[in-house]
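First the structure, in the form of structure tokens, and then the observations on it.
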Amino acid sequence: MHHKVAAFAFCVAAGVAQAADIAGLAATCHSCHGIDGASVGPTMPSIAGQNENYLRHVMIEQKHDQRYSSIMGRLLRTYSDEEIALMARHFAAKPWVPAAVDADMRLVNRGRQVAQKTCQRCHGATGERVAEGTPRLAGQWPGYLVIESMKYTDPTFHRNKPSERMAERVGNLAVEDVQAVAHFLGTRK
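So the mapping is simple: this note's numbering equals the position in the sequence shown, first residue as 1, plus 723.
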């Protein structure tokens, strides 16, 4: 009986230690992505509550220069793939905190129309994530969504495109339509 209690206590202690390690790893992300991954910056994505597999996949791609990033790839090279998986799990378990966006109804209505034709198949009617491997866009910062989407509209931007499907869908959109869709998605909760 004492062995079972000791084994249980060891497992609990190991779990607490691992949780502390994950929290320590994830603390590095707070300066850009906000406390617990809830961004307060309009061009920085919130990662709290995001899909775990999506987060892990994107971070691994950035680490190995398979997806463009200005800073993330360099930071992620200091972590093992296992540590990245732990961080993805950590942030996915956090509650989603939608961006604080003042709704411009003209943009919301235009964005809804364009999103229905362009985004709904993979991201759902309001950006809630439908297809596996796609991120939640509802409640994400519009500024960040514009920056990321514009990569697909720029024919000179060929370095590490993460998805040809996105390039096909978004590549021909006017800047105004990209901004309207981003605003529409950002106002969804």
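All residues carry an ideal CB built from backbone N, CA and C; glycine is no exception.
For clarity, every value in this text was computed on a predicted model and none was experimentally measured.
Answer yes or no: do M795 and I745 have a C-beta to C-beta separation smaller than 9 angstroms?
-> Position 72 of the sequence shown, counted from the first residue, corresponds to residue 795. Position 22 of the sequence shown, counted from the first residue, corresponds to residue 745. No, the Cβ-Cβ distance between M795 and I745 is not below 9 angstroms.
Please list, in chain order, all residues of the same chain as V869 whose beta carbon is under 7 angstroms from its beta carbon, the five residues on each side excluded.
-> The count along the sequence shown starts at 1 and reaches residue 869 at position 146. The answer, listed in chain order, is V901, Q902, A905.
If we ignore side chains and look at the alpha-carbon of each, how far apart do A861 and R844 end up?
-> If you number the sequence shown from 1, residue 861 lands on position 138. If you number the sequence shown from 1, residue 844 lands on position 121. Between A861 and R844, the C-alpha separation is close to 14 angstroms.
With DSSP as the reference, label I870 as helix, strand or coil.
-> Locating residue 870 in the sequence shown gives position 147, counting from the first residue. I870 falls in the helix class under three-state DSSP.
State buried or exposed for Q839, treating a residue as buried only when at least 16 other CB atoms are found within 10 Å of its CB.
-> Walking along the sequence shown from the start, residue 839 turns up at place 116. By the 10 Å Cβ count, Q839 comes out exposed.
State the DSSP-derived secondary structure class of M767, mapped to helix, strand or coil.
-> Translated into positions along the sequence shown, residue 767 becomes position 44. Three-state result, M767: coil.
Thinking C-beta only, is A822 closer than 9 angstroms to S769?
-> Residue numbering aside, residue 769 sits at position 46 when the sequence shown is read from its first letter. Residue numbering aside, residue 822 sits at position 99 when the sequence shown is read from its first letter. Taking 9 angstroms as the Cβ cut-off, S769 and A822 qualify as a contacting pair.
Could you tell me the boundaries of the alpha helix (DSSP H) in which E805 lies?
-> On the sequence shown, position 82 is the one that residue 805 refers to. DSSP places E805 in the uninterrupted alpha helix (DSSP H) bounded by 804-815.
Identity of the residue in R835, D827, W864 nearest P765 by Cα | On the sequence shown, residue 765 is found 42 positions in, with the first residue counted as 1. Ranking the options by Cα distance to P765, first place goes to W864.
L908 beta carbon less than 9 angstroms from that of T849 = Here residue 849 refers to the residue found at position 126 when the sequence shown is read from its first residue. Here residue 908 refers to the residue found at position 185 when the sequence shown is read from its first residue. Result yes, Cβ atoms of T849 and L908 sit closer than 9 angstroms.
Can at least three beta-carbon pairs, one atom from the region 780-792 and one from the region 812-830, be found at a separation below 8 angstroms?
-> no
Evaluate R684 with the Cβ neighbour count: other Cβ atoms within 10 Å of its Cβ, from every protein chain shown; 16 or more gives buried, anything less gives exposed.
-> Nothing about residue 684 can be read from this structure; the chain reaches only from 724 to 912.
Between L830 and the rest of its own chain, which residues show a CB-CB distance below 6 angstroms, the 5 nearest in sequence each way excluded?
-> Counting from one through the sequence shown, the residue named residue 830 turns up at place 107. Same-chain partners within the cutoff: A903, H906.
Going by alpha carbons, who is nearest to T886 out of G847, Q773, H780, Y802?
-> Sequence index remark: in the sequence shown, residue 886 carries index 163 (1-based). The sequence shown places Ser at residue 886, not Thr. Of the listed residues, the one whose Cα sits closest to S886 is H780.
For H846, the first and last residue of its enclosing alpha helix (DSSP H) | Counting from one through the sequence shown, the residue named residue 846 turns up at place 123. First-last of the alpha helix (DSSP H) with H846: 843-846.
Rounded to a whole number of angstroms, what is the C-alpha to C-alpha distance between E891 and R812?
-> As a first step, residue 891 is located in the sequence shown; it is residue number 168 there, counting from the start. As a first step, residue 812 is located in the sequence shown; it is residue number 89 there, counting from the start. Taking the straight line joining both Cα atoms gives about 30 angstroms.
Does DSSP put D788 in a helix, in a strand, or in coil?
-> As a position in the sequence shown, residue 788 is number 65, starting the count at 1. Three-state result, D788: coil.
Cβ shell of A771 (< 7 angstroms), same chain only, five flanking positions each side left out = Along the sequence shown, read from residue 1 onward, the residue named residue 771 stands at position 48. If you ignore the 5 residues before and after A771, its C-beta comes within less than 7 angstroms of the C-beta of D759, G760, A761, F814, K817, P818, W819, V820, all in its own chain and listed in chain order.
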